[in-house]
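Colleague: Below is one structure. I have some questions about it.
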Ligand code: SF4
Ligand code: SF4
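Protein chains in written order, with this note's numbering: chain A, 585 to 1023; chain B, 567 to 882.
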């Protein structure tokens, strides 16, 4: 391993807190009695149900479809009966339309046959990715087939696989890179074929030496005359796994403000998305399960769980032996970018990568105070924005005037709030400002 | 905040051995009055009382650090009212005050008690006789600060009084010279400052630019001819080190962006040397910092952080 790559400006070093689960193999959680599938799993239009109440569904059947606009279909992860077309608790919104499926435990699990994908045309492969309901499962949940069809005037030359996993606590990508290295590499090759390019670099933070080793091995084994894959070790620094920072670290290119990575000839996918693409194309298996890290001092048994999409937090808690009394806060996602939730009935979605049960000593409960203008947030912001000004303006009732400080370039990484000695909830201020500010 | 307090304690303790036990009394009065005034002002103005955050304690210590060791212990009470009530709470409130409160307090005392503030200097004690200045002894022994001697009597008198060469530098660096309560020990101030840097509470930008500018400009202009000034003496003989590490660096009143911090530091250094050489006072760091405090928001407006990348087609 040569020198580590990183992005130059800003960034922070929160405690990694990964030791609790990094050594735990992925474990399959038994399917609960009921799954709750949110219709709006991804950015873009939510699905409309294609099944009726009390209808029978088989594992892998399409149960929701997008009629117009950006989106992918939703599949039933199990065989069962549609119990309800209603609404469920949602991690970010108050509630969201959903389909409830009563699981038929008697049904045979579906078997998937491996097939050789090399003979398919890029267009056909792209169709399979879309039909399998794949979205960017590492982050925002952008439909993957859209990212794989960059505008024709932006020639792409590099695929980056994101295995940085820079959020504290989360180890689900780490475990998948260890246990499914070859599948991830195969997924990367499928993406390369779809894009019609040769180069793929896989970025992994250096705190996962075993994953770097496994992926380097797999990348070497998978490289051919047509596909050249390599692993790049990255400095441990948050937010190393943010798209723009990752691209800069590995390729040295800077994605302009408000532009997509394709503007600099790069497409970025998460390692777990690559694995889902491989499963979709090689096995014909739609995306209906997720590896989710369950960690924190507030849960009886931490784990890396393979769960069906639609599994409720309460089912996971029961399976893992319940909550511990010191639980203070539940977070879906990582501690930096995740959302605090207060309802155990919220189901896992395709973008859930972790559920953290944090005890009081793992979170910061100090009340926030006035900005003392220390400027630490300016140094921490990887985008070179002015978080303190955004927050002050929002507090003063002028959120509409915050575009000048770069509010629309903020990707809510939370580095600013992490370093703020006054504990100011800057990201919340930013979200408010984004709703009100004029571009 | 309490880490900063901890860093200020060694210079204070040393000061006891240099100037006598009364400096503890002055500092205690100053801290107590700052805390009291802070609580009272916040109550009066209907704001949340935040004395537990330690910032009034720091202001109190710093206020004591920049007054002469021979003054009446009642002086800082007045300074505290000015520093905390006017300087901090009337002129903005937490996070919004423009001027460094401790320095504002000192400037006020200098204007209202010019005699005490410019003559209550004490020569360093011999034999650690820390109680000798209690009671009547003070008036008999008062002396002049090195900068005042240079300014008013010239370099020859200075050498006669304080010596020269390595022994001069080392006694000045350790703190054995007349001066304000907390400014004399360059060694302990720098040590505390480096610790704060190591703990990432402060960065190098302001101290280095202030000290560097003072040294450079003094070397150029402070001698009899150009480029014959003594940069080391310029840094060690007044309040530059205390100012650079603990006063100019105050989060609230310094600029937030790194580039504006450098410009601000250079500005402080330049104004300090200008006041020392051309102005009416022997020492200029206090006014230099206050003047540049007023420039902080302007500098931050001029020098924005560099964005990650501009949008395609330029513009913001
Ligand atoms: S302003 Fe936005 S991009 Fe910058 S550190 Fe804060 S959350 Fe991250
Ligand atoms: S880090 Fe917090 S206190 Fe410091 S300038 Fe930024 S918002 Fe203000």
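C-beta atoms are modelled at their ideal positions from N, C-alpha and C, and glycine is treated no differently.
Applying the 10 Å Cβ sphere with the 16-neighbour rule, what's the burial state of residue 757 (chain A)?
Modeller: With 16 or more other Cβ atoms from the protein chains shown falling within 10 Å of its own Cβ, residue 757 (chain A) counts as buried.
Colleague: Could you spell out the range, first to last residue, of the beta strand (DSSP E) harbouring residue 879 (chain A)?
Modeller: 873-879 is the span of the beta strand (DSSP E), which, as asked, contains residue 879 (chain A).
Colleague: Quick check: the Cα distance between residue 977 (chain A) and residue 771 (chain B), rounded to an integer number of angstroms?
Modeller: 27 Å
Colleague: Check the Cβ of residue 817 (chain B) against every Cβ in chain A and list those closer than 8 Å, keeping chain order.
Modeller: 956, 957, 958, 959
Colleague: Per DSSP, what kind of secondary structure is residue 688 (chain A) in: helix, strand or coil?
Modeller: Correct three-state label for residue 688 (chain A): coil.
Colleague: Taking 8 Å as the threshold, find out whether the stretch 906-916 of chain A comes into contact with the stretch 635-642 of chain A through three or more Cβ pairs.
Modeller: no
Colleague: For chain A, check one thing: does any of its Cβ atoms lie closer than 8 Å to the Cβ of residue 607 (chain B)?
Modeller: no
Colleague: Is it right to say residue 636 (chain B) is buried, meaning 16 or more other beta carbons lie within 10 angstroms of its own, or is it exposed?
Modeller: buried
Colleague: For residue 993 (chain A), go through chain B and note every residue whose CB falls closer than 8 Å to its CB, in chain order.
Modeller: 873, 874
Colleague: Just checking: is the beta-carbon of residue 970 (chain A) within a distance shorter than 8 Å of some beta-carbon in chain B?
Modeller: yes
Colleague: What does the alpha-carbon distance come out to for the pair residue 744 (chain A) and residue 818 (chain A)?
Modeller: Roughly 13 Å between the two C-alpha positions.
Colleague: Closer than 8 Å, CB to CB, is residue 877 (chain B) near chain A or not?
Modeller: yes
Colleague: Is residue 818 (chain B) near ligand 2, going by C-beta to nearest heavy atom under 7 Å?
Modeller: no
Colleague: For a test of your reading of the model: does the CB of residue 998 (chain A) fall under 7 Å from any non-hydrogen atom of ligand 1? Yes or no.
Modeller: Yes, ligand 1 has a heavy atom inside 7 Å of this Cβ.
Colleague: Please name the residue, chosen from A:627, A:963, A:855, that lies closest to residue 765 (chain A) on a Cα-to-Cα basis.
Modeller: Residue 765 (chain A) has its Cα closest to that of A:855, out of A:627, A:963, A:855.
Colleague: Suppose you measure from the CA of residue 573 (chain B) to the CA of residue 759 (chain B); what does that come to, to the nearest Å?
Modeller: 8 Å
Colleague: Look up residue 941 (chain A) in the DSSP assignment and give the residues it is bridged to.
Modeller: BP columns for residue 941 (chain A) point to A:914.
Colleague: Rounded to the nearest angstrom, what separates residue 810 (chain A) and residue 782 (chain A) at their Cα positions?
Modeller: 6 Å
Colleague: Just list the alpha helix (DSSP H) runs in the stretch 638-663 of chain B, keeping only unbroken ones of 4 residues or longer that don't cross its boundaries, in chain order.
Modeller: 641-646
Colleague: Is residue 923 (chain A) helix, strand or coil when you go by DSSP?
Modeller: strand
Colleague: Can you find the residues in the same chain that come closer than 7 Å, C-beta to C-beta, to residue 954 (chain A), ignoring five residues on each side of it along the sequence?
Modeller: Cβ within range, chain order: 1006.
Colleague: Does residue 839 (chain B) pass the burial test, meaning 16 or more other C-beta atoms within 10 Å, or should it be called exposed?
Modeller: Residue 839 (chain B) should be labelled buried.
Colleague: Would you say residue 633 (chain A) and residue 669 (chain A) are within 8 Å of each other, going by their C-beta atoms?
Modeller: yes
Colleague: Within 8 Å (strictly less), CB to CB, does residue 859 (chain B) reach chain A?
Modeller: no
Colleague: Hey, which unbroken runs of the beta strand (DSSP E) at 3 residues or more fall wholly within the stretch 847-907 of chain A?
Modeller: 850-854, 873-879, 887-892
Colleague: Roughly how many angstroms lie between the CA atoms of residue 710 (chain B) and residue 595 (chain A), to the nearest whole one?
Modeller: 50 Å
Colleague: Distance cutoff 8 Å, beta carbons only. Does residue 901 (chain A) sit that close to anything in chain B?
Modeller: With 8 Å as the cut-off, residue 901 (chain A) does not count as an interface residue toward chain B.
Colleague: With H, G and I counted as helix, E and B as strand and the rest as coil, what does DSSP make of residue 787 (chain A)?
Modeller: DSSP, read as helix, strand or coil, puts residue 787 (chain A) in strand.
Colleague: If you measure from the CB of residue 1019 (chain A), is any heavy atom of ligand 1 nearer than 7 Å?
Modeller: Residue 1019 (chain A) has its CB no nearer than 7 Å to any heavy atom of ligand 1.
Colleague: Please confirm whether residue 966 (chain A) has its beta-carbon closer than 8 Å to some beta-carbon of chain B.
Modeller: yes
Colleague: Mark residue 853 (chain A) as exposed unless 16 or more other C-beta atoms lie within 10 angstroms of its C-beta, in which case mark it buried.
Modeller: The residue in question, residue 853 (chain A), is buried, as its Cβ has 16 or more Cβ neighbours within 10 Å.
Colleague: Using the Cα positions of residue 882 (chain B) and residue 823 (chain B), report the straight-line distance between them to the nearest angstrom.
Modeller: With a pLDDT of 36 at residue 882 (chain B), under the threshold of 50, the modelled position of this residue cannot be trusted; read the value that follows with caution. About 18 Å.
Colleague: So which residues on chain A does residue 650 (chain B) lean against when the C-beta distance must stay under 9 Å?
Modeller: Those do not exist, as residue 650 (chain B) stays about 16 Å from chain A at its closest Cβ, beyond 9 Å.
Colleague: Keeping to the same chain, check which residues put their C-beta closer than 7 Å to that of residue 702 (chain A); ignore five residues upstream and five downstream.
Modeller: For residue 702 (chain A), where only same-chain residues beyond five positions count, there are no Cβ hits under 7 Å.
Colleague: Where does residue 880 (chain B) fall in DSSP's three states?
Modeller: Only weak support is given to the placement of residue 880 (chain B): the predicted model assigns it a pLDDT of 46, under 50, and the question is left unresolved by the model.
Colleague: Is residue 1003 (chain A) near ligand 2, with its Cβ less than 7 Å from a heavy atom?
Modeller: Using a cutoff of 7 Å, the CB of residue 1003 (chain A) counts as near ligand 2, since one of the ligand's heavy atoms is closer than that.
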